[in-house]
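A quick write-up on the structure given underneath.
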Amino acid sequence: KRVPRSPFRVQVKPSGDASKVEVDGLSPKDKFFVDKENDFTIDTSKAGKGVPKCTIKGPDRKEVPCEVLDNGDGTYDCVFTPEEVGRHNIDVLFGGEPVP
Numbered sequence: 438k439r440v441p442r443s444p445f446r447v448q449v450k451p452s453g454d455a456s457k458v459e460v461d462g463l464s465p466k467d468k469f470f471v472d473k474e475n476d477f478t479i480d481t482s483k484a485g486k487g488v489p490k491c492t493i494k495g496p497d498r499k500e501v502p503c504e505v506l507d508n509g510d511g512t513y514d515c516v517f518t519p520e521e522v523g524r525h526n527i528d529v530l531f532g533g534e535p536v537p
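Structural data, given as structure tokens:
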């Protein structure tokens, strides 16, 4: 049986603020090495509720596995091991929104 006035439309907003997330260890001066474990840190302590997600793609556009480890204090370590030399693209999301 159809529910009157359905379907219902709702606006879903992020629970946190991605603009308040800080990422440490991804500046041009930071170095990463092939076949070695590399890491960087995401600080969400000022951003509200949410969980960061990281996606890394290598030069061949294949995804590089990245483990996001909760440090229990609003920071997360992202650990990955690139298997190819070359430019890698790292995208960080918080609450489904890109971190600027």
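My numbering numbers the first residue of the sequence shown as 438 and each following residue consecutively.
Cβ atoms here follow ideal geometry from the backbone N, Cα and C, with glycine treated the same way.
Residue 535 beta carbon near the ligand NAP (any heavy atom closer than 7 angstroms) | Of ligands this structure carries none, so the ligand NAP is not represented either.
Determine the DSSP secondary structure at residue 473, reduced to helix, strand or coil.
-> coil
Enumerate in chain order the residues of its own chain whose CB-to-CB distance from residue 486 is below 7 angstroms, with the five nearest sequence positions on each side excluded.
-> 452 and 453
Which same chain residues, not among the five before or five after residue 536, have their C-beta less than 7 angstroms away from its C-beta?
-> Hits under 7 angstroms: 455, 458, 460, 529 and 530.
When you compare each of 439, 515, 522 and 442 to residue 488 by their alpha carbons, which one comes out closest?
-> 515
Under a three-way DSSP split, which group does residue 466 fall into?
-> coil
Helix, strand or coil at residue 438 according to DSSP, with G and I counted as helix | coil
Kindly indicate which residue of 469, 480 and 494 has the alpha-carbon position closest to the one of residue 513.
-> 480
Assuming residue 495 contacts residue 465 (C-beta within less than 8 angstroms), just tell me the rounded distance between them.
-> With a Cβ gap of about 18 angstroms, residue 495 and residue 465 do not count as contacting.
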